[in-house]
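Let me begin by presenting the structure, written as structure tokens, before commenting on it.
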RNA sequence: GCCCGGGUGGUGGAAUGGCAGACACGAGGGUCUUAGAAGCCCUUGCCGUAAGGUGUGCAGGUUCGAGUCCUGUCCCGGGCACCA
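In the numbering used here, the protein residues as written are 7 to 880.
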């Protein structure tokens with residue numbers, strides 16, 4: 007039932023239809039039906055911040071909503087869900103500031119988001135909402151973590167984190183601005199803390215290779231490739247002059263330049279740095295290492311632009327190919343985290359090594375000569391450093407070889423002597439997976455001593471409980487004692503967050519959870535997961551004294567698998583039922599910002615592959631097709647931000663022009679993937695368009711259907727009918743190809759023509775409303791009902807998408823542009839199928855063309871029927 | 001420095017190697033109106049009264065024909081970076 011307004015009163019129409027959709031559950035996901043094709047549209051789910059929806063969200067969700075509505079009209083079973091990525095720092099910080107519980111804040115923010123999403127008219131199935139902070143959801147986040155733990159993909163390590171002594175807390179990278187804390191501008195330092203780390207590097211090769219399986223923007227694929235950073239090379243052992251110290255292992259991608267190695271460099275943190283330092287150098291090395299340690303990574307990289315620094319250790323290494331004695335230096339341009347933390351330096355063929363050698367007067371030996379370079383054998387004119395390809399020189403036994411061959415041969419020869427081997431290195435680091443925060447998923451495990459670990463696991467086994475234990479126990483040292491990580495039984499999940507009185511940091515760097523003694527120190531039953539405070543009497547002999555893990559998981563955890571939970575969000579027995587996983591598989595399209603091109607997408611792929619290996623999911627990749635919408639900038643062309651004062655608020659636009667106008671305008675602004683400045687003056691254009699559609703459908707004074715609508719199916723003039731079918735074709739193709747701006751332009755062209763026609767068949771008007779419906783669903787519903795569409799379907803979206811009639815697209819005559827020597831001189835209307843000779847004859851008779859052709863020889867004729875006739879003359 | 005994008009009217013943008021500027025915004029003129037708003041009609045890349053010329057950052061090239069392909073170059077935006 008439509009409204010009765012006579013004008014396009016969007017303030018009345020839009021809420022009316024939102025209520026209709028909600029009351030009739032129009033967008034409830036259909037049941038699994040293997041006989042029907044499925045289409046799963048996924049948005050990157052939002053973090054429900056206190057600020058509410060911004061235009062970027064609106065753009066993102068308008069895109070997916072249009073796709074969802076279009077695919078429904080195509081007869082697909084559409085899954086179009088939404089949820090909340092609600093754990094995380096801003097909420098926790100807000101809770102610290104206000105003393106409110108983060109859950110309370112989250113519930114409030116989610117309510118705001120849900121209300122705003124409904125106000126922009128997106129057709130989500132709100133019955134499938136997921137919330138990462140809901141224990142029924144994070145139960146499965148914890149379950150997946152246990153599978154990773156069991157597979158040996160989780161381990162514990164001391165890792166440096168940002169520590170702010172003044173705030174007494176650990177800070178995230180983004181909370182440290184220019185070397186001071188974002189809050190309060192206090193100094194910060196690096197401090198090692200016990201952390202959980204996930205072994206994503208074990209999947210590096212597959213994460214790289216399987217990029218071939220997905221339809222993603224090339225730039226995103228390349229960013230992932232670069233992040234994984236595969237490089238082939240060799241590990242080479244250099245004997246140390248002091249043979250008691252053993253060998254120094256380096257990684258190089260250029261084993262072909264081994265004869266040019268004139269020094270070695272190790273990172274200041276290298277484990278051999280101490281041992282290699284001779285007494286004479288001790289003081290200098292100590293000073294240098296202290297200097298390097300004080301530098302943040304940022305400062306170290308900043309110095310890349312400046313001078314190289316370093317200090318000689320006093321020791322020498324032996325080049326394995328020529329026995330030459332070369333000095334070992336310590337310099338911070340070599341970092342411990344990559345390769346082996348040590349390099350062989352070849353100044354002639356590496357810019358960094360060259361700069362270092364220049365500064366410290368180290369010899370430079372050229373061993374590669376570019377092809378066709380003059381004066382091989384000693385009198386080279388090649389400018390050094392030379393990093394390109396070529397032929398080896400000054401390399402006994404290898405001189406004259408091309409570099410590719412030399413790489414292989416030198417590596418093989420070293421391998422034969424046990425002094426090296428070909429290896430592959432990745433830049434990808436393991437994933438630091440713990441946070442010293444309250445508002446995150448607790449790790450489902452406790453720490454116990456060795457004896458209790460043995461007793462507890464034996465007890466669980468005897469009780470018939472298969473704990474998710476790794477092959478090798480994970481241990482760490484707490485207060486000087488070795489502790490074993492004992493997982494809670496899967497059946498006891500979720501492990502929920504205890505209530506705390508304060509979210510203030512503990513001051514020790516630990517999570518606020520560590521202060522809740524009753525929760526942390528417990529008697530623990532490994533078979534049931536049951537626990538009582540350690541201050542209580544031991545309930546039974548099989549209870550062991552345990553300390554809970556007080557770190558929590560990072561925000562990434564919940565967002566790594568949420569797309570699977572939508573398939574079956576209320577399932578208490580599994581992530582999702584196998585039938586649901588089988589039918590829906592994964593998203594057919596995933597839409598979200600390019601800022602997640604690396605981390606989120608890489609982490610989610612990693613978890614998905616682990617689940618694939620476990621047989622939980624049927625596909626090796628989670629997101630087969632990915633699309634990044636461009637950022638909406640402020641009017642000034644800068645990023646929208648409060649401080650710049652250039653933020654456009656969607657609520658204001660909904661009030662002034664309606665959400666259909668807002669959505670349509672966001673889609674009309676330009677290509678979806680482009681970064682676009684917001685230009686509020688242009689919004690009038692699309693608003694006028696919608697009003698024009700209204701005026702063509704509704705009689706102004708009575709509010710009845712417009713009198714020019716006719717029940718005679720042939721009432722539409724032939725030109726307009728042809729245009730309608732062209733529009734149906736174009737809009738369908740453009741939606742499928744994500745070119746919404748040109749789809750809208752095609753609809754505008756049609757309506758301009760419709761306005762000039764005296765009559766139009768009612769069914770043609772309805773077909774047009776169907777095209778408009780994905781973009782401006784409220785107006786389309788209203789007009790659909792009032793023009794008579796409800797006889798076909800209660801909701802415009804439920805009517806099958808109009809088909810275009812190819813026969814209607816064919817014209818009897820085609821326009822051909824006539825060019826003479828490449829310049830347009832005339833236009834011809836030729837019957838379909840006209841031959842080149844007929845075309846040329848027509849041109850020669852054409853008054854515009856004749857003067858140009860008179861007395862000229864036709865040297866060449868290019869004829870493309872229906873397009874162009876180009877005549878080349880002398 | 002490296003890797004990606006991208007440079008088209010006053011503005012947002014359109015154009016399977018085939019009429020550059022679709023569709024809009026803005027601007028100018030007209031119509032309607034007591035007046036205005038809204039609507040409707042016309043004009044609108046630049047130079048030129050016009051015929052015509054010219055035009056997609058710049059310089060070349062390929063082609064009957066280039067915004068589109070190739071080479072070089074400049075500028076803007078994004079990402080990465082002492083990664084051996």
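We put the beta carbon where it would ideally sit given N, CA and C, even for glycine.
Model, not experiment: these values are computed from the prediction.
**the segment 419-438 in contact with the segment 238-257 per 3-pair CB rule at 8 Å** = The segment 419-438 makes contact with the segment 238-257: 3 or more CB pairs, one atom from each, lie closer than 8 Å.
**Asked** In the segment 669-711, which residue ranges form an unbroken alpha helix (DSSP H) of at least 4 residues, counting only runs that do not cross its ends?
**Response** Runs of the alpha helix (DSSP H) inside the segment 669-711: 689-703.
**Asked** Which residue or residues does DSSP assign as beta-bridge partners of residue 336?
**Response** Answer is 272, 317.
**Stretch-stretch touch, CB-based, cutoff 8 Å, three pairs: the segment 580-592 with the segment 726-745** = Contact between the segment 580-592 and the segment 726-745 is absent, because fewer than three Cβ pairs lie under 8 Å.
**Prompt:** Nearest to residue 729 by alpha carbon, out of 766, 179, 27, 690?
**Reply:** It is 766 whose Cα lies nearest to the Cα of residue 729.
**Prompt:** Looking at C-alpha atoms only, which residue of 159, 251, 285 is the closest neighbour of residue 209?
**Reply:** When only C-alpha atoms are compared, the closest one is 159.
**Message:** So, with DSSP's three-state summary, where would you put residue 635?
**Reply:** In the three-state reduction of the DSSP assignment, residue 635 falls in the coil class.
**Message:** Given this structure, state the Cα-to-Cα distance separating residue 381 from residue 329, to the nearest angstrom.
**Reply:** Because residue 381 sits at a pLDDT of 48, beneath the cut-off of 50, its placement in the model cannot be relied upon, and the point is left open.
**Message:** At the level of alpha carbons, what is the spacing between residue 495 and residue 361?
**Reply:** Their backbone Cα atoms lie some 57 Å apart in a straight line.
**Prompt:** Looking only at C-alpha atoms, which of 726, 786, 772 sits nearest to residue 886?
**Reply:** Because the chain spans 7 through 880 in this model, residue 886 falls outside it and cannot be assessed.
**Item:** Cross-strand partners of residue 350 (DSSP beta bridge)
**Value:** DSSP lists 270 as the bridge partner or partners of residue 350.
**Message:** Taking DSSP's pairing of strands, which residues face residue 372 in a bridge?
**Reply:** In the DSSP output, where bridge partners are listed per residue, residue 372 has none listed.
**Asked** In three-state terms, what does DSSP make of residue 801?
**Response** Shown here, residue 801 sits in coil according to DSSP, grouped into three states, outside any helix or strand.
**Bridge partner(s) assigned by DSSP for residue 169** = Residue pairing from DSSP places residue 169 in a beta bridge opposite 176, 195.
**Asked** Shortest alpha-carbon distance to residue 598 belongs to which of 28, 27, 37, 51?
**Response** Taking residue 598 as reference, the option from 28, 27, 37, 51 with the minimal CA-CA separation is 51.
**Asked** residue 339 and residue 301 look like a contact to me (Cβ under 8 Å); what is the Cβ gap, rounded to whole Å?
**Response** The distance from the Cβ of residue 339 to that of residue 301 is about 12 Å, inconsistent with a contact at the 8 Å cut-off.
**Alpha-carbon spacing of residue 98 relative to residue 335, whole angstroms** = When rounded, the distance between both Cα atoms is 46 Å.
**Item:** Beta-carbon gap between residue 569 and residue 628 smaller than 8 Å
**Value:** In this structure, residue 628 lies closer than 8 Å to residue 569 by Cβ.
**Prompt:** Rounded to a whole number of angstroms, what is the C-alpha to C-alpha distance between residue 347 and residue 435?
**Reply:** When the Cα atoms are used, residue 347 and residue 435 turn out to be separated by approximately 14 Å.
**Asked** DSSP on residue 443, reduced to helix/strand/coil?
**Response** Reduced to three states, the DSSP call for residue 443 is coil.
**Item:** Distance between residue 256 and residue 388 (C-alpha atoms, nearest Å)
**Value:** Rounded to the nearest angstrom, the two C-alpha atoms are 27 Å apart.
**Asked** Could you give the uninterrupted runs of the alpha helix (DSSP H) lying entirely in the segment 237-299, keeping only those of 4 residues or more?
**Response** 279-282, all fully within the segment 237-299.
**Message:** Could you compute how far the alpha carbon of residue 100 sits from the alpha carbon of residue 449?
**Reply:** In a straight line, the C-alpha of residue 100 is about 23 Å away from that of residue 449.
**Message:** In the DSSP output, what is residue 767 paired with across the bridge?
**Reply:** The partner list for residue 767 (beta bridge, DSSP) reads 716.
**Message:** To the nearest angstrom, how far is the alpha carbon of residue 803 from that of residue 78?
**Reply:** Each residue's alpha carbon lies about 7 Å from the other.
**Request:** Give me the Cβ distance between residue 420 and residue 262, rounded to the nearest whole Å; I'm assuming they're in contact under 8 Å.
**Result:** Actually they are not in contact, since the Cβ atoms of residue 420 and residue 262 sit about 12 Å apart, beyond 8 Å.
**Where residue 99 falls: helix, strand or coil (DSSP)** = DSSP places residue 99 in helix when its eight states are reduced to three.
**Asked** Residues in its own chain within less than 6 Å of residue 618 by CB, not counting five upstream and five downstream?
**Response** A distance below 6 Å between beta-carbons, with the five flanking residues on each side excluded, links residue 618 to the following residues of its chain, in chain order: 626.
**Message:** In the DSSP assignment, the alpha helix (DSSP H) including residue 145 goes from what residue to what residue?
**Reply:** Residue 145 -> alpha helix (DSSP H) spans 141-156.
**Item:** Three-way DSSP call (helix, strand, coil) for residue 431 in this model
**Value:** Note: residue 431 maps to strand in three-state DSSP.
**Request:** Determine, using beta-carbon pairs with one atom in the segment 455-469 and one in the segment 149-164, whether at least three such pairs fall under 8 Å.
**Result:** Contact fails: fewer than three Cβ-Cβ distances are below 8 Å.
**Asked** Nearest-angstrom Cα distance between residue 482 and residue 317?
**Response** Taking the straight line from one Cα to the other gives about 35 Å.
**Request:** Can you tell me which of the three DSSP states residue 381 falls into?
**Result:** Its pLDDT being 48, under 50, residue 381 is placed unreliably by the model, and the measurement read from it follows with that caveat. The three-state reading of DSSP puts residue 381 in coil, since its state is none of H, G, I, E or B.
**Request:** Might you give, ordered along the chain, the residues of its own chain that have their beta carbon closer than 7 Å to the beta carbon of residue 768, omitting 5 neighbours on each side?
**Result:** Taken in chain order, the residues that qualify are 715, 716, 717, 793, 794.
**Item:** Residues near residue 596 in its chain [Cβ-Cβ closer than 6 Å; skip 5 each side]
**Value:** 48, 629, 632, listed in sequence order.
**Request:** Between the Cα of residue 82 and those of 89, 44, 56, 858, spot the shortest distance and give me the residue it belongs to.
**Result:** Per the C-alpha coordinates, the member of 89, 44, 56, 858 positioned closest to residue 82 is 44.
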